[in-house]
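Presented below is the structure to which this report refers.
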Amino acid sequence: MRELADELAKPLSIIYHQSWLTGEVPDDWKLDNVTPIHKKGGREDPGNYRPVSLTSVPGKIMEQFILSVITQNLQDGQGLRRSQHRFSRRRSCLTNLITFYEQVTCLVDAGRAVGVVYLDFSKAFDTVSHSTLLDKLAARGLDRSPLCWVRNWLDGQAQRVVVNGAASSWRPVTSGVPQGSVLGPALFNIFTDDMDEGIESLSSKFADDTKLGACVDLLEDRMALQRNLEQLHGLGTVWLDSAQEERDLGVLVSSQLNMGQHCAQVAKRANGILAWIRNGLHGQSEEMSNSSSISHFLLLPLADTRQLQLLHFCLFLGISLAALLGNGLIISAVACGHHLHTPMFFFLLNLALTDLGSICTTVPKAMHNSLWDTRHISYPGCAAQLFFFLFFISAEYFLLTVMSYDRYVSICKPLHYGTLLGSRACAHMAAAAWASAFLNALMHTANTFSLPLCHCNVLGQFFCEIPQILKLSCSKSHLRELCLIAVSASLLFGCFVFIVFSYVQIFRAVLRIPSEQGRHKVFSTCLPHLAVVSLFISTGTFSYLKPPSISSPSLDLALSVLYSVVPPALNPLIYSLRNQELKAAVWRLMIGWFQEH
Numbered sequence: 222m223r224e225l226a227d228e229l230a231k232p233l234s235i236i237y238h239q240s241w242l243t244g245e246v247p248d249d250w251k252l253d254n255v256t257p258i259h260k261k262g263g264r265e266d267p268g269n270y271r272p273v274s275l276t277s278v279p280g281k282i283m284e285q286f287i288l289s290v291i292t293q294n295l296q297d298g299q300g301l302r303r304s305q306h307r308f309s310r311r312r313s314c315l316t317n318l319i320t321f322y323e324q325v326t327c328l329v330d331a332g333r334a335v336g337v338v339y340l341d342f343s344k345a346f347d348t349v350s351h352s353t354l355l356d357k358l359a360a361r362g363l364d365r366s367p368l369c370w371v372r373n374w375l376d377g378q379a380q381r382v383v384v385n386g387a388a389s390s391w392r393p394v395t396s397g398v399p400q401g402s403v404l405g406p407a408l409f410n411i412f413t414d415d416m417d418e419g420i421e422s423l424s425s426k427f428a429d430d431t432k433l434g435a436c437v438d439l440l441e442d443r444m445a446l447q448r449n450l451e452q453l454h455g456l457g458t459v460w461l462d463s464a465q466e467e468r469d470l471g472v473l474v475s476s477q478l479n480m481g482q483h484c485a486q487v488a489k490r491a492n493g494i495l496a497w498i499r500n501g502l503h504g505q506s507e508e509m510s511n512s513s514s515i516s517h518f519l520l521l522p523l524a525d526t527r528q529l530q531l532l533h534f535c536l537f538l539g540i541s542l543a544a545l546l547g548n549g550l551i552i553s554a555v556a557c558g559h560h561l562h563t564p565m566f567f568f569l570l571n572l573a574l575t576d577l578g579s580i581c582t583t584v585p586k587a588m589h590n591s592l593w594d595t596r597h598i599s600y601p602g603c604a605a606q607l608f609f610f611l612f613f614i615s616a617e618y619f620l621l622t623v624m625s626y627d628r629y630v631s632i633c634k635p636l637h638y639g640t641l642l643g644s645r646a647c648a649h650m651a652a653a654a655w656a657s658a659f660l661n662a663l664m665h666t667a668n669t670f671s672l673p674l675c676h677c678n679v680l681g682q683f684f685c686e687i688p689q690i691l692k693l694s695c696s697k698s699h700l701r702e703l704c705l706i707a708v709s710a711s712l713l714f715g716c717f718v719f720i721v722f723s724y725v726q727i728f729r730a731v732l733r734i735p736s737e738q739g740r741h742k743v744f745s746t747c748l749p750h751l752a753v754v755s756l757f758i759s760t761g762t763f764s765y766l767k768p769p770s771i772s773s774p775s776l777d778l779a780l781s782v783l784y785s786v787v788p789p790a791l792n793p794l795i796y797s798l799r800n801q802e803l804k805a806a807v808w809r810l811m812i813g814w815f816q817e818h
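All the letters of the sequence shown, read from the start, carry residue numbers 222 to 818 under this note's numbering.
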């Protein structure tokens, strides 16, 4: 061929010049022989072959001339968008991914919630009609001569399959461009170039793949991403011809859902690729966790819109002020009122301290996040919040158990009340409750944060709690924490049994009182404690043991507020409604304070 190059150049130049002037394309330039070539792996596996289109060499040379004209036309007029990484030097699929993920990573590092959508238009360009493609080329301002040549080149395209010398019949090609042609990638780039026109999200295109990325912190962000998807869907319905076939893993599936014979091979190969990706991500996750890559967590936002966030801030502010005022008054009244220095009010003072501590552990951070529209909590901050929340919640439960014993002794064994519940005994029981709560919180916090965390840093709760953190663990050692939870659950169940036993004995003693007025007076002393215990146990139990079938993010959030925020605010009200001594002491305290000021 090299020896004949000079001889061939003259007639070919005449043919090319004539084809350019008239726009005519020889018929043999439009014919393509499609044959499979082996890529890798076993030769008996059909999935290890890919089709290659063999076309006329002189035709490809002419395509190269037309391509240079089209490229020059784009450079003089409208160039391709930067989001289209296309088939060109230094603009590969790898650079596409790196550029896109750098943008997404910057948003994630800034603490923003990001939604990423992958769209795979596998072989979608094959279904684009030639008329639609030509209209797009004309709209891009392509000159008349190259446009006429491309129209004639597409008109009359035909392909056949050739395997081991055996050839099929010729089939017309009325959509897309022949595989293996020089003009194919350029026409594809031009056709899909304005696909991201009006797209608000980050977009990236390469070949048949499109990726969208957007912040989804707020409802408006998610709606914008949905609009982008609907826009792409609308473009697809305009561009692509309607057909009774859809593609599944590159395999044609008919309207009767009868797949090709090699579908199993393709699916097997796809599963192998997915397994490789999963193993690679798992190894990367473990490596990230071992290097303590999680420096902060993202808490669950209380609302999607800014207006609702401010509403939640005001609601939490009101609840926290009510809790601070109510519990603060109880603590001050009991501490200052010498006639209230009894076992019942001593334990009530300790209970008010736990209520203050628990609401001050979770609510301020939630209010801060709602006010400043953020979700961050540092790793040490999350550990501290988990410890103090467990500490105060456990102390409250243990104190409620001790208070049930106080009610049992005062009603069932009134003659031994001073002996069994002296000042020293009360101090020991309160100290035991606080110490047990401290050890329980320390044990769970230390064990939970010793686990390697690698899945992500997003918590499905507005404060840090053990179940949400365990979901992030990538180690089987989280079973150790589950064992500790089982031990704590057994202890809590034992306290529950003790409370139930105490009230069974109390009810039996009350029913033996002959007068109705006496029964009412005795029972009224137990009613506030019974109401507080019922509220505490019912909300906490249902929050953690509710059926998965009724679980939802909004319900989980409402239940978490019920058991962590509402009881500390309601407990002072419940105790003060039925206790005349406490109400009188609170009133005297408030009147004295106002008189002094």
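The beta-carbon is built from N, C-alpha and C at its ideal position, and this holds for glycine as well.
Around the C-beta of W593, fewer than 16 other C-beta atoms lie within 10 Å, and the residue is accordingly described as exposed. R381 is positioned such that its CB atom lies closer than 8 Å to that of A388.
A Cβ-Cβ distance of about 6 Å is found for the pair A662 and S615, placing them in contact under the 8 Å criterion.
In the three-state reduction of the DSSP assignment, L275 falls in the strand class.
A direct Cα-to-Cα measurement between L569 and V807 gives close to 14 Å. With distances taken between CA atoms, G549 lies nearest to P789 out of Y784, P789 and P673. The closest CA to that of D330, considering only C436, S366 and W370, is found on C436. Closest in alpha carbon position to W655, among S671, Y796, F612 and M624, is F612.
For Q380, the enclosing beta strand (DSSP E) covers residues A379 to V384. Boundaries of the beta strand (DSSP E) harbouring P257: L252 to H259, taken from the DSSP string. The continuous stretches of alpha helix (DSSP H) do not include S599, which lies in the beta strand (DSSP E) extending over residues H597 to S599. Here DSSP, grouped into helix, strand and coil, assigns G336 to strand. Residue burial is scored here from C-beta neighbours: H750 has at least 16 other C-beta atoms within 10 angstroms and is therefore classed as buried.
If you draw a straight line from the Cα of L732 to the Cα of R740, it comes to about 7 Å. For L519, the enclosing beta strand (DSSP E) begins and ends at H517 to L519.
In the DSSP secondary-structure assignment, P393 is bridged to A379. Contact annotation, L520 with Q682: C-beta distance approximately 7 Å; criterion of less than 8 Å satisfied. DSSP lists no bridge partner for A587.
Y784 and G558 have their alpha carbons spaced roughly 31 Å apart. With a beta-carbon spacing of about 5 Å, V246 and N373 fall inside the 8 Å limit used to define contacts. In this structure A779 does not touch F684 by the C-beta definition: roughly 14 Å separates them, more than the 8 Å allowed. Residue range H351 to A360 is occupied by the alpha helix (DSSP H) that includes L354.
Of all C-beta pairs linking the stretch 614–630 to the stretch 742–756, three or more are shorter than 8 Å, placing the two stretches in contact. Looking only at L620, H589, C581 and S631, the smallest Cα-Cα distance to F608 is reached by C581.
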